[in-house]
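Participant: Supplied in structure tokens, the structure appears directly below.
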């Protein structure tokens, strides 16, 4: 069985991530979406919350399972019999960093990295950008799965200390505005 891994923080998962997952699922018998525990990075959602959201949004794809890991990705790959990492590339700037990581992963454990060019619809999209836009009341409909929208709104409202709604015109503020 050919198993591939799509690693990341997925805080939150975006439609760009889902596109890469679906394309990876066409290439491998099984895809593991592995959520990184990164204690040095401040997260909007806990690892458990991200895992829950991911399980919900990938369920229709069938051959994808969700897991999490600490430390080096190649150690996770080695422990789980994974021979390939699938990474989405949005721009040339992504390639510079990812190429170095791919070379190191191969050197350390013989794990190959497959680069998938991002669907042009999502070439600008990142979790960080989604959080920033949502924080300032921007409309993130169509950028994240529906399962993320409500959770994102609630978490940002809780964080900012005000109840808000994400409107279709990109408003996020008291209902009825």
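Residue numbers (this note's numbering): 24 to 200. Just so it is clear, CB atoms sit at the ideal spot from N, CA and C, and this is done for glycine as well.
Below 8 angstroms on the Cβ atoms is my guess for residue 40 versus residue 93; work out the distance and round it to an integer in Å.
Facilitator: No, residue 40 and residue 93 are not in contact; Cβ-Cβ is about 20 angstroms, not under 8 angstroms.
Participant: Could you check where the alpha helix (DSSP H) with residue 131 kicks off and where it finishes?
Facilitator: That run of the alpha helix (DSSP H) goes 115 to 132.
Participant: Which residue wins for smallest C-alpha separation from residue 174, given the options 68, 138, 148, 118?
Facilitator: Checking every option, the nearest Cα to that of residue 174 belongs to 68.
Participant: Taking only three categories from DSSP, how would you classify residue 154?
Facilitator: Helix, per DSSP.
Participant: When the Cα of residue 66 is compared with those of 170, 163, 161, 155, which residue comes out closest?
Facilitator: Cα-wise, what sits closest to residue 66 is 155.
Participant: For the beta strand (DSSP E) containing residue 90, name the first residue and the last one.
Facilitator: Here the beta strand (DSSP E) through residue 90 covers 87 to 92.
Participant: Is the number of C-beta pairs between the segment 43 to 53 and the segment 125 to 136 that are closer than 8 angstroms three or more?
Facilitator: Too few Cβ pairs lie closer than 8 angstroms, so no.
Participant: Mind checking which residues open and close the beta strand (DSSP E) that includes residue 163?
Facilitator: First-last for residue 163: undefined, no H or E at that position.
Participant: Does the separation of the CB atoms of residue 70 and residue 44 fall below 8 angstroms?
Facilitator: For residue 70 and residue 44, no; Cβs fall outside 8 angstroms.
Participant: Quick check: what's the CA-CA separation for residue 49 versus residue 140?
Facilitator: Rounded to whole angstroms, residue 49 to residue 140 spans 15 angstroms at the Cα level.
Participant: Could you please give the first and the last residue of the uninterrupted alpha helix (DSSP H) stretch that includes residue 175?
Facilitator: Where residue 175 is concerned, the enclosing alpha helix (DSSP H) stretches over 169 to 183.
Participant: Considering only the alpha carbon of each residue, which of 83, 97, 151 lies closest to residue 126?
Facilitator: Checking every option, the nearest Cα to that of residue 126 belongs to 97.
Participant: Does residue 110 pass the burial test, meaning 16 or more other C-beta atoms within 10 Å, or should it be called exposed?
Facilitator: So residue 110 counts as buried.
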